[in-house]
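Notes follow the structure.
Next comes the structure, spelled out in C-alpha coordinates:
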(Lines of atoms letter the chains of each structure in order from A and count residues from 1; the text may use other names and numbers.)
(Lines give C-alpha, C1' and ligand atoms only; values in the text may rest on other atoms or scores of the structure.)
Protein backbone atom coordinates (compact mmCIF):
# COMPACT_ATOMS: atom_id res chain seq x y z
CA UNK A 1 0.00 0.00 0.00
CA UNK A 2 1.28 3.50 -0.87
CA UNK A 3 2.78 5.46 2.07
CA UNK A 4 0.18 8.23 1.63
CA UNK A 5 -2.65 5.73 2.24
CA UNK A 6 -0.79 4.21 5.20
CA UNK A 7 -0.33 7.69 6.66
CA UNK A 8 -4.02 8.45 6.17
CA UNK A 9 -5.05 5.32 8.07
CA UNK A 10 -2.62 6.16 10.86
CA UNK A 11 -3.95 9.73 11.13
CA UNK A 12 -7.56 8.57 11.33
CA UNK A 13 -6.66 5.92 13.89
CA UNK A 14 -4.76 8.43 16.02
CA UNK A 15 -7.69 10.86 15.96
CA UNK A 16 -10.08 7.96 16.66
CA UNK A 17 -12.05 8.99 13.58
CA UNK A 18 -14.37 6.65 11.72
CA UNK A 19 -16.33 7.79 8.72
CA UNK A 20 -17.07 7.67 5.02
CA UNK A 21 -15.11 8.01 1.81
CA UNK A 22 -16.73 9.88 -1.08
CA UNK A 23 -15.86 9.70 -4.77
CA UNK A 24 -15.63 12.92 -6.82
CA UNK A 25 -16.22 12.33 -10.55
CA UNK A 26 -19.85 11.59 -11.44
CA UNK A 27 -20.63 11.43 -7.73
CA UNK A 28 -20.07 15.07 -6.74
CA UNK A 29 -19.07 16.61 -10.08
CA UNK A 30 -20.90 16.22 -13.39
CA UNK A 31 -17.66 15.17 -15.04
CA UNK A 32 -19.38 12.81 -17.44
CA UNK A 33 -21.38 15.68 -18.94
CA UNK A 34 -18.16 17.52 -19.74
CA UNK A 35 -16.53 14.46 -21.30
CA UNK A 36 -19.50 13.69 -23.52
CA UNK A 37 -19.94 17.29 -24.70
CA UNK A 38 -16.22 17.56 -25.43
CA UNK A 39 -16.17 14.28 -27.35
CA UNK A 40 -19.18 15.34 -29.40
CA UNK A 41 -17.54 18.64 -30.32
CA UNK A 42 -14.14 17.13 -31.13
CA UNK A 43 -15.03 13.78 -32.65
CA UNK A 44 -18.66 13.94 -33.69
CA UNK A 45 -21.89 12.36 -32.55
CA UNK A 46 -22.55 9.39 -34.86
CA UNK A 47 -25.82 8.36 -33.21
CA UNK A 48 -27.16 11.91 -32.83
CA UNK A 49 -27.81 11.36 -29.14
CA UNK A 50 -28.14 13.99 -26.43
CA UNK A 51 -25.78 13.93 -23.43
CA UNK A 52 -28.52 12.33 -21.33
CA UNK A 53 -29.22 9.70 -23.99
CA UNK A 54 -25.54 8.76 -24.20
CA UNK A 55 -25.50 8.33 -20.42
CA UNK A 56 -28.68 6.25 -20.48
CA UNK A 57 -27.34 3.99 -23.23
CA UNK A 58 -23.69 3.65 -22.20
CA UNK A 59 -23.53 5.20 -18.69
CA UNK A 60 -19.92 6.33 -19.34
CA UNK A 61 -18.51 7.88 -22.52
CA UNK A 62 -15.70 5.31 -22.80
CA UNK A 63 -18.26 2.55 -23.41
CA UNK A 64 -19.43 4.26 -26.63
CA UNK A 65 -17.62 2.26 -29.37
CA UNK A 66 -17.07 5.25 -31.68
CA UNK A 67 -15.09 7.23 -29.08
CA UNK A 68 -12.20 4.82 -28.81
CA UNK A 69 -9.42 5.81 -31.25
CA UNK A 70 -5.90 7.03 -30.50
CA UNK A 71 -6.86 10.67 -31.07
CA UNK A 72 -9.71 10.31 -28.58
CA UNK A 73 -7.42 8.78 -25.96
CA UNK A 74 -4.81 11.52 -26.52
CA UNK A 75 -7.45 14.23 -25.99
CA UNK A 76 -8.75 12.48 -22.88
CA UNK A 77 -5.24 12.25 -21.43
CA UNK A 78 -4.67 15.96 -22.01
CA UNK A 79 -7.94 16.86 -20.28
CA UNK A 80 -7.31 14.43 -17.45
CA UNK A 81 -4.13 16.30 -16.49
CA UNK A 82 -5.46 19.84 -16.99
CA UNK A 83 -5.64 21.20 -13.45
CA UNK A 84 -7.44 24.38 -14.52
CA UNK A 85 -10.35 22.41 -15.98
CA UNK A 86 -10.77 20.50 -12.74
CA UNK A 87 -11.59 23.75 -10.95
CA UNK A 88 -14.61 24.35 -13.16
CA UNK A 89 -16.51 21.09 -13.57
CA UNK A 90 -20.25 21.53 -12.92
CA UNK A 91 -21.68 20.39 -9.59
CA UNK A 92 -24.26 17.64 -9.30
CA UNK A 93 -27.26 19.55 -7.99
CA UNK A 94 -27.46 19.64 -4.17
CA UNK A 95 -24.58 17.17 -3.76
CA UNK A 96 -22.71 19.67 -1.59
CA UNK A 97 -25.70 20.37 0.66
CA UNK A 98 -26.55 16.71 1.14
CA UNK A 99 -22.94 15.66 1.74
CA UNK A 100 -22.80 18.28 4.50
CA UNK A 101 -25.95 16.76 6.03
CA UNK A 102 -24.38 13.31 5.83
CA UNK A 103 -21.23 14.70 7.44
CA UNK A 104 -23.29 15.61 10.51
CA UNK A 105 -24.45 11.99 10.81
CA UNK A 106 -21.32 10.09 9.79
CA UNK A 107 -18.25 12.24 9.09
CA UNK A 108 -16.71 12.36 5.64
CA UNK A 109 -13.06 11.56 6.33
CA UNK A 110 -11.63 11.21 2.82
CA UNK A 111 -12.41 11.93 -0.83
CA UNK A 112 -11.17 8.83 -2.66
CA UNK A 113 -10.69 9.57 -6.36
CA UNK A 114 -9.16 8.00 -9.46
CA UNK A 115 -7.78 11.42 -10.39
CA UNK A 116 -4.01 11.80 -10.53
CA UNK A 117 -1.79 13.92 -8.30
CA UNK A 118 -1.40 16.49 -11.11
CA UNK A 119 -4.96 17.78 -10.64
CA UNK A 120 -5.09 17.78 -6.85
CA UNK A 121 -4.72 21.58 -6.54
CA UNK A 122 -7.75 22.11 -8.79
CA UNK A 123 -9.69 19.34 -7.05
CA UNK A 124 -9.15 20.93 -3.64
CA UNK A 125 -10.14 24.37 -4.99
CA UNK A 126 -13.33 22.85 -6.43
CA UNK A 127 -14.28 21.09 -3.18
CA UNK A 128 -13.71 24.29 -1.21
CA UNK A 129 -15.59 26.43 -3.74
CA UNK A 130 -18.74 24.36 -3.27
CA UNK A 131 -18.39 24.10 0.50
CA UNK A 132 -17.86 20.36 0.86
CA UNK A 133 -16.68 19.12 4.27
CA UNK A 134 -12.95 19.46 4.75
CA UNK A 135 -11.18 16.10 4.49
CA UNK A 136 -8.12 14.46 3.00
CA UNK A 137 -8.12 13.80 -0.76
CA UNK A 138 -6.67 10.41 -1.71
CA UNK A 139 -5.66 10.37 -5.38
CA UNK A 140 -4.70 7.51 -7.66
CA UNK A 141 -1.17 6.66 -6.64
CA UNK A 142 1.78 6.57 -9.06
CA UNK A 143 2.08 3.27 -10.88
CA UNK A 144 -1.67 2.62 -10.92
CA UNK A 145 -2.96 2.92 -14.49
CA UNK A 146 -6.41 4.38 -15.07
CA UNK A 147 -8.03 1.06 -16.13
CA UNK A 148 -6.88 -0.37 -12.79
CA UNK A 149 -8.28 2.52 -10.74
CA UNK A 150 -11.41 0.76 -9.51
CA UNK A 151 -9.59 -2.35 -8.34
CA UNK A 152 -7.10 0.03 -6.67
CA UNK A 153 -9.99 1.83 -4.94
CA UNK A 154 -11.35 -1.50 -3.73
CA UNK A 155 -8.00 -2.43 -2.18
CA UNK A 156 -7.68 1.00 -0.54
CA UNK A 157 -11.20 0.78 0.89
CA UNK A 158 -10.51 -2.62 2.39
CA UNK A 159 -7.19 -1.43 3.80
CA UNK A 160 -8.73 1.68 5.39
CA UNK A 161 -11.49 -0.28 7.15
CA UNK A 162 -12.56 0.17 9.96
CA UNK A 163 -11.41 3.81 10.00
CA UNK A 164 -13.33 4.22 6.74
CA UNK A 165 -16.54 2.27 7.26
CA UNK A 166 -17.94 2.80 3.78
CA UNK A 167 -18.00 4.83 0.59
CA UNK A 168 -20.32 6.67 -1.78
CA UNK A 169 -19.36 5.96 -5.41
CA UNK A 170 -21.17 5.87 -8.74
CA UNK A 171 -19.35 3.00 -10.44
CA UNK A 172 -20.87 -0.50 -10.22
CA UNK A 173 -17.51 -2.06 -11.11
CA UNK A 174 -16.21 -1.00 -7.70
CA UNK A 175 -18.86 -3.22 -6.12
CA UNK A 176 -17.61 -6.13 -8.21
CA UNK A 177 -13.95 -5.47 -7.36
CA UNK A 178 -14.42 -5.54 -3.59
CA UNK A 179 -13.52 -8.87 -2.02
CA UNK A 180 -16.09 -11.09 -0.33
CA UNK A 181 -14.35 -10.25 2.96
CA UNK A 182 -15.12 -6.52 2.77
CA UNK A 183 -16.95 -5.55 5.97
CA UNK A 184 -17.88 -1.97 5.10
CA UNK A 185 -20.77 -0.60 3.06
CA UNK A 186 -20.81 0.77 -0.48
CA UNK A 187 -23.53 3.30 -1.29
CA UNK A 188 -23.86 2.97 -5.06
CA UNK A 189 -24.92 6.43 -6.21
CA UNK A 190 -27.08 7.01 -9.32
CA UNK A 191 -27.83 3.31 -9.43
CA UNK A 192 -31.56 2.53 -9.07
CA UNK A 193 -31.20 -1.12 -10.04
CA UNK A 194 -30.67 -4.17 -7.86
CA UNK A 195 -27.25 -4.40 -6.19
CA UNK A 196 -24.63 -6.07 -8.44
CA UNK A 197 -23.99 -8.67 -5.72
CA UNK A 198 -25.50 -9.78 -2.42
CA UNK A 199 -22.60 -11.29 -0.48
CA UNK A 200 -21.37 -7.90 0.80
CA UNK A 201 -23.19 -4.73 1.83
CA UNK A 202 -23.99 -2.85 -1.39
CA UNK A 203 -26.74 -0.22 -1.12
CA UNK A 204 -28.12 1.05 -4.45
CA UNK A 205 -29.20 4.73 -4.32
CA UNK A 206 -30.95 6.45 -7.22
CA UNK A 207 -29.92 9.96 -6.11
CA UNK A 208 -28.30 11.91 -3.28
CA UNK A 209 -31.53 12.12 -1.30
CA UNK A 210 -31.64 8.32 -1.28
CA UNK A 211 -28.02 8.22 -0.08
CA UNK A 212 -28.92 10.53 2.81
CA UNK A 213 -31.89 8.36 3.80
CA UNK A 214 -29.81 5.16 3.69
CA UNK A 215 -27.03 6.76 5.76
CA UNK A 216 -29.59 7.79 8.38
CA UNK A 217 -30.74 4.17 8.63
CA UNK A 218 -27.15 2.96 8.96
CA UNK A 219 -26.46 5.41 11.79
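In our numbering, the protein residues as written are 733 to 951. Heads up, the beta-carbon is just placed ideally off N, CA and C, and yes, glycines get one too. Quantities reported herein were computed from a predicted structural model and do not represent experimental measurements.
- Annotation for residue 898: 752, 916, 917, 918 and 919 place their beta carbon closer than 7 angstroms to its own, counting only its chain and skipping 5 residues before and after.
- When beta bridges are read from the DSSP output, residue 919 appears opposite 900 and 935.
- Excluding sequence positions up to five before and after residue 909, its CB lies within less than 6 angstroms of the CB of 882, 883 and 886, all in the same chain and listed in chain order.
- Closest in alpha carbon position to residue 942, among 771, 921, 823 and 861, is 921.
- Sixteen is the threshold: when 16 or more other Cβ atoms of the shown chains lie within 10 Å of the Cβ of residue 902, as they do, the residue is buried.
- Three or more Cβ pairs closer than 8 angstroms define a contact, and the region 764-773 falls short of that threshold against the region 842-860.
- As DSSP reads the structure, residue 751 sits in a beta bridge with 896.
- Here residue 786 has 768 as same chain residues with Cβ atoms under 6 angstroms from its own Cβ, once five neighbours each way along the sequence are excluded.
- Under DSSP, the beta-bridge partners assigned to residue 869 are 843.
- Residue 757 has 761 as its beta-bridge partners, per DSSP.
- The beta carbon of residue 933 sits closer than 6 angstroms to those of 917, all from its chain and outside the five residues before and after it, given in chain order.
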